[in-house]
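Report on the structure given below.
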Amino acid sequence: MKAEFFKAAAARNSLTLSDSASPAQGDLLLTVNVYGFGQTQGFSALLYPMINVTATLKRPNGEIAWQRTEFVTPLNAENKYGYEFEQYMKDPELIRKAITNVMATASNLLVESLAAGK
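Heads up, the sequence shown is in numbering that gives the first Met the number 0, so the first residue is 0 and it goes up one at a time.
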């Protein structure tokens, strides 16, 4: 999740990252509240990943400067990699592909919100 968030932030030039030796203007905390797989509707055999993530940006004094929670569900248009259970079991790389996609989608939504000041 962290890598996808920083990739999205770098693409929009939304955040300046500092190494641990440099003083930071704030700390970013990413919390994955929920993750799993779900169906788009009850009769579908396809399982799509889902995730709920909260991003919190705190000032050095601990005050919350910005916080946002985003959901990516099987119904999001960007959530395009759904497979049957057996496919996931035969090819675990499909799990990585599907989950990476929802982490990138959630990260993009969070970074858009941060850039817009929401």
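For each residue, glycine too, the CB sits at the ideal point set by N, CA and C.
Just so you know, these numbers come straight off a predicted model, no measurement behind them.
Shown here for Phe36: same chain residues with a beta carbon closer than 6 Å to its own, the five before and five after excluded, namely Leu46, Pro48 in chain order. Partner residues in the beta bridge of Met49, as assigned by DSSP, are Gly35.
In this model, Met0 and Lys89 are separated by some 25 Å (Cα to Cα).
Between Val110 and Arg11 a beta carbon distance of about 6 Å is seen, short of the 8 Å cut, so the two are scored as contacting.
Tyr87 sits in a helix when the DSSP states are folded into three classes.
Between Ala115 and Glu85, the alpha-carbon positions lie close to 41 Å from each other. Taken through DSSP and simplified to helix, strand or coil, Lys57 comes out as strand. Ala9 sits in a helix when the DSSP states are folded into three classes. The C-alpha of Leu27 lies about 19 Å from the C-alpha of Val33. Per the C-alpha coordinates, the member of Ala64, Glu3, Ala7 positioned closest to Gly25 is Ala64. Boundaries of the alpha helix (DSSP H) around Glu92: 92 to 115. Thr39 and Pro73 have their C-alpha atoms some 5 Å from each other.
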